[in-house]
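Below is one structure; the comments refer to it alone.
Residue numbers (the numbering used here): 779 to 1291.
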């Protein structure tokens, strides 16, 4: 009976008065989350930098950088972050700690009704210790605390497992990205940039220094065409076969050559001749006939795929912002390029009126708008705006003579005028030896103030996806990547199915995982 009464009394006291937990050393668990979050953020940022910038330095430097980043992350996981957590926890516990004397004093106060009756407290303690198997197992607050600890350790275990598989998934993804960016991509891109953009092959005006229409025409004649086609013995067309004569005569008094002026005023007879030659050129490849200097693309390892083309995007007339007094008095008023102000109509020669049905399809194409899905291009992001894939397309030829005839026609009929906002030169090169395509976009943005702002994009892609000594391993890694991706998607879909989509998005645990 005495044992039962003591047990009932102890249970009643535990329910009525919930003792305060003594505040000992406070270990800051939240700093673990902060440390893990910093590690994950650092890891993700390192991989993003690796993908964006590291892959442009070639395969060997990519491996060196990747090894350094992985080593630094492992050092952080093993040494730096644990030391940081221990130091921060030690500092905080030293500041917020409770002395052992105060802990014992609080414990005695919780046990004793009268703190000075130590003998009675000792007897009561011994009785409770002897009868402890008959007491209630645990108070409610202790069960809640233990359940919280068990839940915390289970979440920590899940978080560790998810972090491990996330690191494994990222490593597989980085390997797949690096296997598709071999050392040849970097050097091929650099060669195209040096030849086409910087003009190292011809030692002439680079594309980055094109700031006006005259310089744009000069770049095409002196830099781009010799790179793509070679330098012919006679330039059959531009300025009526006076290219070499003008080149010899454009020297100052010291004997040094000056900048050429390719554009000039076209009279009616010259315009008729330019149009006649444009309609008669047959676009055959004459690269090895009458060529004085071989071009860069004459190498058997590098081929020009198809014909280069010039694509322009225009804005509508009377779209500029101004006062109601000035705008109606202007015949031509072109604003900046936007999706709302883009011109998509068909015109006649000189951009005059509607399209003339009497024109041949060959001559009608440069003055007619080509839809994005028909042009075969992609949208481009330049310095001032983003340009869609459509536009007005003028195809160049496969040899320099006919290309100069096309350029002559463009200049004679002012295909590029005040309404032009972007001039995009597009062509594709193929390197046979390493199976690489170089897709080149040279963008000359013609601002509303009349200046030309140049920019360029060079995309290098492999023709054969898997080629090399590690084909089997590459296939295995690619298959593993897709399998892991499918497993993750199925797991997340299962979570969404068990709960609602809104609760899945809002729950902190899912976002943390």
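Quick reminder that beta carbons are idealized off the backbone N, C-alpha and C, glycines included.
Work out the CA separation of residue j and residue i for me, nearest whole Å.
{"i": "residue 1145", "j": "residue 1213", "result": "36 Å"}
{"i": "residue 976", "j": "residue 1211", "result": "24 Å"}
{"i": "residue 1148", "j": "residue 1141", "result": "14 Å"}
{"i": "residue 1034", "j": "residue 1114", "result": "Bear in mind that a pLDDT of 36 at residue 1034, under 50, signals an unreliable position, so the number given afterwards is only what the model happens to contain. Rounded to the nearest angstrom, the two C-alpha atoms are 40 Å apart."}
{"i": "residue 1259", "j": "residue 1251", "result": "12 Å"}
{"i": "residue 1084", "j": "residue 1282", "result": "51 Å"}
{"i": "residue 1203", "j": "residue 1223", "result": "11 Å"}
{"i": "residue 1122", "j": "residue 980", "result": "37 Å"}
{"i": "residue 1167", "j": "residue 1117", "result": "12 Å"}
{"i": "residue 1277", "j": "residue 1226", "result": "54 Å"}
{"i": "residue 1133", "j": "residue 1124", "result": "5 Å"}
{"i": "residue 1136", "j": "residue 1184", "result": "20 Å"}
{"i": "residue 941", "j": "residue 924", "result": "26 Å"}
{"i": "residue 1044", "j": "residue 997", "result": "20 Å"}
{"i": "residue 1158", "j": "residue 1120", "result": "15 Å"}
{"i": "residue 920", "j": "residue 1279", "result": "35 Å"}
{"i": "residue 918", "j": "residue 1271", "result": "37 Å"}
{"i": "residue 1150", "j": "residue 1169", "result": "8 Å"}
Relative to the C-alpha of residue i, which residue among the options is closest?
{"i": "residue 819", "options": "1202, 945, 1085 and 1284", "result": "945"}
{"i": "residue 965", "options": "1191, 1239 and 1089", "result": "1239"}
{"i": "residue 1182", "options": "1055, 951 and 1135", "result": "1055"}
{"i": "residue 1079", "options": "1117, 954, 1161 and 1216", "result": "1216"}
{"i": "residue 1049", "options": "1135, 1255, 1191 and 979", "result": "1191"}
{"i": "residue 1220", "options": "1161, 1138 and 1188", "result": "1161"}
{"i": "residue 742", "options": "989, 1272 and 929", "result": "The requested residue 742 does not occur in the structure, where the chain is confined to residues 779 to 1291."}
{"i": "residue 1241", "options": "1234, 1209 and 1231", "result": "1209"}
{"i": "residue 1081", "options": "920, 1272, 1153 and 1207", "result": "1207"}
{"i": "residue 1165", "options": "1233, 967, 1005 and 994", "result": "1233"}
{"i": "residue 984", "options": "1273, 816, 823 and 1231", "result": "1231"}
{"i": "residue 1156", "options": "1205, 1129, 845 and 961", "result": "1205"}
{"i": "residue 1130", "options": "1099, 852, 1193 and 822", "result": "1193"}
{"i": "residue 1005", "options": "949, 1163 and 1086", "result": "1086"}
So what's residue i in DSSP terms, helix, strand or just coil?
{"i": "residue 966", "result": "helix"}
{"i": "residue 928", "result": "helix"}
{"i": "residue 1125", "result": "strand"}
{"i": "residue 1332", "result": "Missing from the structure shown is residue 1332; the chain here goes from 779 to 1291 and no further."}
{"i": "residue 982", "result": "coil"}
{"i": "residue 1209", "result": "strand"}
{"i": "residue 1216", "result": "strand"}
{"i": "residue 1281", "result": "helix"}
{"i": "residue 1263", "result": "helix"}
{"i": "residue 1091", "result": "strand"}
{"i": "residue 1130", "result": "coil"}
{"i": "residue 1234", "result": "strand"}
{"i": "residue 1086", "result": "strand"}
{"i": "residue 1224", "result": "strand"}
{"i": "residue 1149", "result": "coil"}
Can you tell me the Cβ-Cβ gap for residue i and residue j, rounded? I've got them flagged as a contact below 8 Å.
{"i": "residue 1003", "j": "residue 1178", "result": "5 Å"}
{"i": "residue 1092", "j": "residue 1198", "result": "6 Å"}
{"i": "residue 1111", "j": "residue 1095", "result": "7 Å"}
{"i": "residue 1262", "j": "residue 947", "result": "5 Å"}
{"i": "residue 1000", "j": "residue 982", "result": "4 Å"}
{"i": "residue 1255", "j": "residue 953", "result": "6 Å"}
{"i": "residue 1186", "j": "residue 1052", "result": "5 Å"}
{"i": "residue 1180", "j": "residue 995", "result": "No, residue 1180 and residue 995 are not in contact; Cβ-Cβ is about 17 Å, not under 8 Å."}
{"i": "residue 1138", "j": "residue 1057", "result": "7 Å"}
Confirm the yes/no value for this check: CB of residue i, any heavy atom of the ligand NAP, distance under 6 Å.
{"i": "residue 1092", "result": "With respect to the ligand NAP, the structure shown offers nothing to examine, as it has no ligands at all."}
Stretch pair the region 966-977 + the region 1172-1179: three plus CB contacts closer than 8 Å:
no
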